[in-house]
Structure formats: structure tokens, C-alpha cells
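Enquirer: Residue numbers 1 to 334, in UniProt numbering, belong to the letters of the sequence shown in order. Built from N, CA and C at the ideal position, the CB exists for glycine as well. Since we're looking at a predicted model, the values are computed, not measured. This is the structure, below, for whatever I ask next.
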Amino acid sequence: MAFTYGAYTACLQDRTLEEALDVLAGLGLTGAEVNTGGFIPSPHAPVDLLIASERARRDYRTLFADKGMALTGLTVSGNPLSPLPSEGIGHAEDLRRTIELAGALEVPEVVAMSGTPGTDPGARYAAWIVNPWNGIDLEILEYQWSVAVPFWKQIDALARERDVKVALELHPRNIAFSPPSFEEFVERVEPTHIGVNLDPSHLFWQQMEPIDCIERLGSHILHVHAKDTAVLSGAATRGVLDTDFGPVPEDPAQRTPTGIGHWCSTWPEDPAWQFVALGEGHDLGYWTRFLRALAAVDPDLSINIEHEDAAFGRIEGIERGARTLLAAAEASGA
1 MAFTYGAYTA
11 CLQDRTLEEA
21 LDVLAGLGLT
31 GAEVNTGGFI
41 PSPHAPVDLL
51 IASERARRDY
61 RTLFADKGMA
71 LTGLTVSGNP
81 LSPLPSEGIG
91 HAEDLRRTIE
101 LAGALEVPEV
111 VAMSGTPGTD
121 PGARYAAWIV
131 NPWNGIDLEI
141 LEYQWSVAVP
151 FWKQIDALAR
161 ERDVKVALEL
171 HPRNIAFSPP
181 SFEEFVERVE
191 PTHIGVNLDP
201 SHLFWQQMEP
211 IDCIERLGSH
221 ILHVHAKDTA
231 VLSGAATRGV
241 LDTDFGPVPE
251 DPAQRTPTGI
261 GHWCSTWPED
271 PAWQFVALGE
281 GHDLGYWTRF
291 LRALAAVDPD
301 LSINIEHEDA
311 AFGRIEGIER
321 GARTLLAAAE
331 ASGA
């Protein structure tokens, strides 16, 4: 038993799957995770064809095998609980189809997000309740759980039927975004086939300690994203719940996409935090301890680099991440 070190191929969507796998293999990685819907396209997995055709699935698996790569996950990050017609219904269907495809391909894990409903049955937009010290916010949160629980019970049953595990990324703007909120998810949903995709970057910027989170979540961890965050000097006066962002740039060339038809707002000049290439926010010693903590929980996890550092190109960012990750693997013995 040993970790499989790879990368999420979404940042290489300008390349064919064969080219993307060659990039990863050339960096010493042996696993790949591909996107199958949700907020971003599916350039490396023809979902409809793969579901419909056993021959297409066989050829797809052969491609990975010929490159010496394992297909370690299908990702469908979205908001399946959103009241927006352009999000919720489509993202929920993408999730169901991805679970179906994962079962057919014998891919062990689907990476997803728990989603966020609106405030009430008539809401137009999703609303993330962050700090419900005000009593009415607890009422909103209770309504949101009433939407989330039956949906995720159905998804858990589908995953169980397909012999697939769903790993929820604890991502801000979702109903499960931290160890305590995921524990509430477990208490309410009682899942057998839903756990956690441990992505430290989203924990760092919320000022959590990922290693402590690993110890608390334990066997709920099913999958891992290797991604870093730098907490910057702006946090001293902005905090990590800063709302001082500007509108999406008018010039399309200046926009940073977050999905299909969605873009990042303009960041403050002195932000509180930023996603950075693995090793740019925390040093090799930290990632060595991180891998040791994961190995104590499960020595057979898939750990995939997710590159979202705008300071580096797509190949350069993955290359930096792979160098740090593989050096930490050697130092940790994991």
C-alpha cells in the first residue's frame, strides 16, 4: 500500500488527454484526475460516449495504462443545490452521471462539493451562512439542511449502488466547508459512501490547520488535493472574510475563469490570501508532516496536485508542485 501521486488535469484543458498525461508522466507523477462536469468543462472525458460505450471505456482505460498512469478520480465540482436554473439542476445531473461513469470505469472516487441552497423556497441565489450567531440565520441554515439532506441521501444510495465513494471538498460557500460542518453532514445524512476530499488550500485561508483537520476527520478522508495558500499581510486588517473585491474585469483577456460563464471578481491590491503553487505558501518540511499525517489515517490515498497559481504558467505550476510533493514523499517515506 502506498500513496499515488498525480495531478488534476483541468489546468491542462488546452491539451489533449494524451498530451496532458505525457506532461504528468514526465514530471514523475503516476496518477491523474479528470473533470466531468459542474462549474468547468470536461475536455479530457467524453462523458456521454463513455457511459454509452463499453468499447470507448476500454479504449479510455487502455490510454491511461499505456501512459503508465492511474485514473484516480473524476471531479464534478459544482453547486447541485443552487436555486439558479443554470447551476443546480445541471450540476446535480452532472454528479449523478459522473457517479454512473465512475462505476462503469471502476474509478474509486468522485470529487464533488456539498453545495449551498438559497435562504428559502423562493430564493433566486445561493446564500452561504457563515456565522449564524443571529437567530434568524440559524432558521435559514435549518431550511438549507432540509434541502441538502434528502438530496445527499439519494446521492449516497446511488454511490453505494455503483460501488463508488463521493469525496466532498470542504470548500467555502458550501454547506459543508469545515470539519464541524462535515460532521453535521454525517450526523444528518448518515452516509455510507460519502467522505471528504482533503484540500488544504481552502483550510489555510480560513485559518484552519490542515494537519489538525486530518487528525479530526480521520477515516472520513477519501481523496486529497495537494494545493497551497499563502496568507498575506492584508489579513492583519482585512481578515479572511473580506468582501472588498471589485467587479469582474470588462476586458475578457483580463478575466480569470471559475467555471463555464463564471469569472473571479477583481482582487484587492493587498489581499488577505492567495492560492499559490505547492511549496510557495508552506515549505517542504510542512508538506512532509502533512503526508505523514495522511499516512497515519490511510496509507493508500490518491494525492493530486491542483494548480491555480496565476503567477506561474500551467506547466510551470504543476512542475513546481510535483517537485515539492515528490520531495516531501521521499522525506516522509509515504
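Is it buried or exposed, residue 152, if we count other Cβ atoms within 10 angstroms and call 16 or more buried?
Expert: The residue given as residue 152 occupies position 152 in the sequence shown. It counts as buried.
Enquirer: List in chain order: all unbroken alpha helix (DSSP H) runs of 4+ residues lying wholly within the region 153-200.
Expert: As far as the region 153-200 is concerned, its whole alpha helix (DSSP H) runs of at least 4 residues are 179-189.
Enquirer: Given this structure, state the Cα-to-Cα distance separating residue 138 from residue 65, to the nearest angstrom.
Expert: Counted from its first residue, the sequence shown places residue 138 at position 138. Counted from its first residue, the sequence shown places residue 65 at position 65. So the alpha carbons of these two residues sit roughly 50 Å apart.
Enquirer: Under the DSSP definition of a beta bridge, which residues are partnered with residue 346?
Expert: Coverage of the chain is limited to positions 1 through 334, which leaves residue 346 absent and any answer about it impossible.
Enquirer: Return the residue from the list 62, 274, 173 that minimises the CA-CA distance to residue 338.
Expert: Given that the chain is displayed from residue 1 to residue 334, the structure contains no residue 338 and the question cannot be resolved.
Enquirer: Can you list, in chain order, the residues of its chain whose CB lies under 7 Å from that of residue 132, leaving out five sequence neighbours each side?
Expert: As a working mapping, residue 132 is identified with position 132 in the sequence shown. So the qualifying residues of the chain are 138, 141.
Enquirer: Could you compute how far the alpha carbon of residue 230 sits from the alpha carbon of residue 317?
Expert: Sequence index remark: in the sequence shown, residue 230 carries index 230 (1-based). Sequence index remark: in the sequence shown, residue 317 carries index 317 (1-based). Each residue's alpha carbon lies about 15 Å from the other.
Enquirer: Under the assumption that residue 235 contacts residue 291 (Cβ atoms under 8 Å), give the Cβ distance between them as a whole number of angstroms.
Expert: Within the sequence shown, the letter at position 235 stands for residue 235. Within the sequence shown, the letter at position 291 stands for residue 291. Not a contact, Cβ separation roughly 26 Å.
Enquirer: Which value, in whole angstroms, describes the spacing of the CA atoms of residue 243 and residue 60?
Expert: Locating residue 243 in the sequence shown gives position 243, where the first residue counts as 1. Locating residue 60 in the sequence shown gives position 60, where the first residue counts as 1. Whole-angstrom Cα-Cα distance: 44 Å.
Enquirer: Relative to the alpha-carbon of residue 227, which residue among 306, 24, 78 has its alpha-carbon at the smallest distance?
Expert: For the purposes of this step, residue 227 is taken as residue 227 along the sequence shown, with counting starting at 1. Out of 306, 24, 78, 306 has the C-alpha closest to the C-alpha of residue 227.
Enquirer: Please state the DSSP three-state secondary structure of residue 202.
Expert: Within the sequence shown, residue 202 is the residue found at index 202, counting from 1. Helix at residue 202.
Enquirer: Would you check if the distance between the CB atom of residue 196 and the CB atom of residue 217 is smaller than 7 Å?
Expert: Working through the sequence shown from its first residue, we reach residue 196 at position 196. Working through the sequence shown from its first residue, we reach residue 217 at position 217. Yes, the pair counts as a contact, with Cβ atoms nearer than the cut-off.
Enquirer: Skipping 5 residues on each side, what residues in its chain have a beta carbon closer than 8 Å to that of residue 284?
Expert: Residue 284 sits at position 284 when you count from the first residue of the sequence shown. Excluding sequence neighbours, residue 284 sits near 324, 327, 328, 331.
Enquirer: Name, in chain order, the residues that DSSP records as bridge partners for residue 265.
Expert: The residue given as residue 265 occupies position 265 in the sequence shown. Partner(s): none; residue 265 has no beta bridge.
Enquirer: Kindly indicate the opening and closing residues of the beta strand (DSSP E) around residue 5.
Expert: Position 5 of the sequence shown, counted from the first residue, corresponds to residue 5. Taken as a continuous stretch (DSSP letters only), the beta strand (DSSP E) holding residue 5 covers 4-8.
Enquirer: Excluding the 5 residues flanking residue 210 on each side, which residues of the same chain have their C-beta closer than 6 Å to its C-beta?
Expert: What you label residue 210 is simply residue 210 of the sequence shown in a count that begins at 1. Same-chain partners within the cutoff: 200, 203.
Enquirer: Identify the residues that DSSP records as bridge partners of residue 73: which are they?
Expert: In the sequence shown, the residue the question calls residue 73 occupies position 73. 33, per the DSSP bridge assignment.
Enquirer: For residue 225, which residues does DSSP report across the bridge?
Expert: For the purposes of this step, residue 225 is taken as the residue at position 225 of the sequence shown. Answer by DSSP bridge pairing, in chain order: 304.
Enquirer: What separation, rounded to the nearest whole angstrom, lies between the Cα atoms of residue 154 and residue 190?
Expert: Here residue 154 refers to the residue found at position 154 of the sequence shown. Here residue 190 refers to the residue found at position 190 of the sequence shown. Distance between the alpha carbons of residue 154 and residue 190 is about 11 Å.
Enquirer: What's the C-alpha gap between residue 192 and residue 161?
Expert: Reading the sequence shown from its first residue, position 192 is the one you call residue 192. Reading the sequence shown from its first residue, position 161 is the one you call residue 161. Straight-line Cα distance between these residues: approximately 11 Å.
Enquirer: Give the straight-line distance between the Cα atoms of residue 12 and residue 6, rounded to the nearest whole angstrom.
Expert: On the sequence shown, residue 12 is found 12 positions in, with the first residue counted as 1. On the sequence shown, residue 6 is found 6 positions in, with the first residue counted as 1. Approximately 13 Å, taken between the alpha carbons.
Enquirer: Do you know whose CA, among 122, 175, 169, lies nearest residue 340's CA?
Expert: This structure cannot settle anything about residue 340, because the visible part of the chain is limited to 1 through 334.
Enquirer: Give the straight-line distance between the Cα atoms of residue 263 and residue 116, rounded to the nearest whole angstrom.
Expert: Taking the first residue of the sequence shown as 1, we reach residue 263 at position 263. Taking the first residue of the sequence shown as 1, we reach residue 116 at position 116. In a straight line, the C-alpha of residue 263 is about 19 Å away from that of residue 116.
Enquirer: With C-beta atoms as the reference, is residue 35 less than 7 Å away from residue 75?
Expert: Stepping through the sequence shown from its first residue, residue 35 is reached at position 35. Stepping through the sequence shown from its first residue, residue 75 is reached at position 75. Contact flag set, yes.
Enquirer: With distance defined between alpha-carbon atoms, name the residue in 220, 207, 159, 39 nearest to residue 182.
Expert: On the sequence shown, position 182 is the one that residue 182 refers to. With distances taken between Cα atoms, residue 182 lies closest to 220.
Enquirer: Run through the DSSP bridge pairs and tell me what residue 246 is partnered with.
Expert: Numbered from 1 along the sequence shown, position 246 holds the residue referred to as residue 246. Paired residues: 266.
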